[in-house]
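Novice: Numbering of the sequence shown is given in the numbering used here, commencing with residue 1 and proceeding in unit increments.
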Amino acid sequence: MAKSKRVGIMTGGGDCPGLNAAIRAMAKTAFKMDYEVIGILNGWKGFIDDENKMLDSCNTSGIIDRGGTILCTSRFSPFQIEGGPQLIFDAFQKLGLEALVVLGGEGTLSVANRLYKMGLPVVGIPKTIDNDVKETDYAIGFQTAVQIATEALDRLRSTAESHHRVMLLEVMGRNTGWIATYAGMANGADAILIPEIPLNTERIEELCRMLKLRNQRGATSSIIVVAEGTQIEGKTVGRRSFDISKNEMTFGFGGIGNVLGEIIGEKTGMETRVSSLDYMQRGGTPVAYDRSLATAFGVKAAELVRDKRYGEMTALKRNTITSVALEKVADGIKTVNLNVYRIAEIFFG
Ligand code: F6P
Numbered sequence: 001m002a003k004s005k006r007v008g009i010m011t012g013g014g015d016c017p018g019l020n021a022a023i024r025a026m027a028k029t030a031f032k033m034d035y036e037v038i039g040i041l042n043g044w045k046g047f048i049d050d051e052n053k054m055l056d057s058c059n060t061s062g063i064i065d066r067g068g069t070i071l072c073t074s075r076f077s078p079f080q081i082e083g084g085p086q087l088i089f090d091a092f093q094k095l096g097l098e099a100l101v102v103l104g105g106e107g108t109l110s111v112a113n114r115l116y117k118m119g120l121p122v123v124g125i126p127k128t129i130d131n132d133v134k135e136t137d138y139a140i141g142f143q144t145a146v147q148i149a150t151e152a153l154d155r156l157r158s159t160a161e162s163h164h165r166v167m168l169l170e171v172m173g174r175n176t177g178w179i180a181t182y183a184g185m186a187n188g189a190d191a192i193l194i195p196e197i198p199l200n201t202e203r204i205e206e207l208c209r210m211l212k213l214r215n216q217r218g219a220t221s222s223i224i225v226v227a228e229g230t231q232i233e234g235k236t237v238g239r240r241s242f243d244i245s246k247n248e249m250t251f252g253f254g255g256i257g258n259v260l261g262e263i264i265g266e267k268t269g270m271e272t273r274v275s276s277l278d279y280m281q282r283g284g285t286p287v288a289y290d291r292s293l294a295t296a297f298g299v300k301a302a303e304l305v306r307d308k309r310y311g312e313m314t315a316l317k318r319n320t321i322t323s324v325a326l327e328k329v330a331d332g333i334k335t336v337n338l339n340v341y342r343i344a345e346i347f348f349g
């Protein structure tokens with residue numbers, strides 16, 4: 001017999017490890033509450049284009065350890081097109097949904113908040129390797145990215161030591177340095193460069209002096225991690241690539257590692273090599289922490305739907321699963337806690 005209550009679930013923005021664990025947890029909890037669960041495919045774009053599938057205990061099983069999202073995703077926003085929000089409301093009604101659970105980063109959750117303000121019953125779940133969503137200690141995907149970046153830094157140390165080189169790793173994070181800070185701290189990196197502490201000529205000189213000093217002291221290799229959004233003299237390094245949801249070339253981060261690597265090599269006279277983790281840190285198996293966090297967030301999201309607590313997002317605060325108003329999360333980012341950075345900094349040089 002068809003169930004009378006229906007809830008939708010959707011992933012938007014970049015994929016990350018742990019999304020499937022959250023989809024599984026939310027859906028299976030909702031089944032127990034007697035809901036039908038519709039998976040919206042390809043983010044907001046698929047919602048408008050009527051791309052969706054019924055979730056059941058079969059297609060939500062065996063996915064807790066799978067990277068990416070079984071619902072697929074896009075960077076499309078309904079506010080990009082004329083009448084887009086109304087198309088979302090129409091699709092919502094057509095599917096007979098009671099509420100929509102949105103897994104997203106700052107961009108997707110900001111869209112969710114705007115739609116909520118217009119009357120759409122939404123519940124959010126924070127996900128992004130960048131960990132820049134406000135009002136939650138961690139977002140789904142961050143711990144996996146940190147693990148991958150740490151392992152990469154550990155591997156780079158072999159070559160750094162064998163060849164007496166400076167090895168520089170560029171990691172993602174958009175305008176924040178969460179991945180760089182945590183991975184750099186876990187690796188014991190000799191320098192961590194983050195957008196929260198922009199680079200200028202003076203700081204670069206200081207960095208090079210430190211590297212030369214290490215060399216003189218007999219530490220002939222050094223490890224540096226740089227976050228992609230770190231600016232030099234107020235300028236961001238980026239590259240253009242085609243964005244299908246906007247149908248145009250758009251700017252994305254990437255390349256600061258190479259720029260900095262050249263400067264360091266030239267200024268220090270030390271062999272400097274650069275690697276970039278790029279999308280490698282965003283894919284593959286989620287670590288146990290992300291699976292557990294995603295599971296807890298998925299269960300909480302189903303409970304918020306059941307209790308009609310719309311306009312809220314699941315959150316982790318001081319090791320407690322809770323919820324916060326989406327409004328507090330929208331249109332802003334959470335920058336690195338500099339107390340944590342200062343701990344990592346003790347081991348620089
Ligand atoms: O927000 C997640 C993230 O991986 C960022 O760290 C990175 O700058 C960006 O997405 C890359 O976006 P895209 O997948 O659109 O290239």
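Virtual Cβ for every residue (Gly too), placed ideally from N, Cα, C. Note that the structure is a prediction, hence the values are computed from the model and not measured.
Assign N175 to one of three DSSP states: helix, strand, or coil.
Specialist: Of the three classes helix, strand and coil, the one that applies to N175 here is coil, per DSSP.
Novice: Could you tell me the distance, in whole angstroms, from the CA atom of D307 to the CA atom of V122?
Specialist: 12 Å
Novice: Once you ignore the five residues that flank A344 on each side, which residues in its own chain have a CB closer than 7 Å to its CB?
Specialist: T181, G184, M185 and I192
Novice: Which same chain residues end up closer than 7 Å to S245 when comparing Cβ atoms and leaving out the 5 residues on each side of it in sequence?
Specialist: K45, S74, R75 and F76
Novice: Which whole-angstrom value describes the C-beta separation of D331 and S110, a residue pair presumed to lie in contact below a C-beta threshold of 8 Å?
Specialist: 5 Å
Novice: May I have a chain-ordered list of the alpha helix (DSSP H) segments no shorter than 4 residues that lie completely inside the stretch 238–272?
Specialist: 256–268
Novice: Consider the C-beta atom of E248 and the heavy atoms of the ligand F6P; say whether any pair is separated by less than 8 Å.
Specialist: no
Novice: Give the straight-line distance between the Cα atoms of I256 and V171, rounded to the nearest whole angstrom.
Specialist: Distance between I256 and V171, taken at the CA atoms: about 10 Å.
Novice: Apart from the five residues just before and just after M54, which ones in its own chain have a Cβ nearer than 8 Å to its Cβ?
Specialist: Cβ-Cβ distances below 8 Å link M54 to E36, V37, I38 and G39 in the same chain, with the five nearest sequence neighbours on each side left out; the list follows chain order.
Novice: Let me check you understand the geometry: is the CB of E228 closer than 8 Å to at least one non-hydrogen atom of the ligand F6P?
Specialist: yes
Novice: So, at 6 Å on beta carbons, what are the nonlocal neighbours of H164 in its own chain, with the 5 sequence-adjacent residues on each side left out?
Specialist: T220 and S221
Novice: Check for me: the beta strand (DSSP E) holding K317 runs from which residue to which?
Specialist: E312 to K317
Novice: Please return the same chain residues whose Cβ sits closer than 7 Å to the Cβ of M280, not counting the five positions on each side in sequence.
Specialist: I148
Novice: On a Cα-Cα basis, can you pick out the residue from F142, A21 and Q80 that is closest to E248?
Specialist: Q80
Novice: Report whether the distance from the Cβ of T128 to the nearest heavy atom of the ligand F6P is below 8 Å.
Specialist: Short note on T128: C-beta closer than 8 Å to some heavy atom of the ligand F6P.
Novice: Give the DSSP-derived three-state secondary structure of T11 in the structure shown.
Specialist: strand
Novice: Curious, which full-length beta strand (DSSP E) runs of at least 3 residues does the stretch 280–329 contain?
Specialist: 312–317 and 320–325
Novice: Is Y279 near the ligand F6P, with its Cβ less than 8 Å from a heavy atom?
Specialist: yes
Novice: Would the beta-carbon of R282 be found less than 8 Å away from any heavy atom of the ligand F6P?
Specialist: Within the cutoff, so yes.
Novice: Does the beta-carbon of G13 have 16 or more other beta-carbons within 10 angstroms, so that it is buried, or is it exposed?
Specialist: buried
Novice: Under 8 Å from any heavy atom of the ligand F6P, does the C-beta of F76 make it?
Specialist: no
Novice: With a threshold of 16 other CB atoms inside 10 Å of the CB of G234, please say whether the residue is buried or exposed.
Specialist: exposed
Novice: Output yes or no for whether 9 Å exceeds the beta carbon distance between G254 and S275.
Specialist: no
Novice: Distance, Cα to Cα, K267 vs R239?
Specialist: Cα-Cα distance, rounded: 25 Å.
Novice: Exposed or buried, V340, counting other C-beta atoms within 10 Å across all chains shown (16 or more means buried)?
Specialist: exposed
Novice: Between the alpha carbons of R214 and I333, how many angstroms are there, rounded?
Specialist: 35 Å
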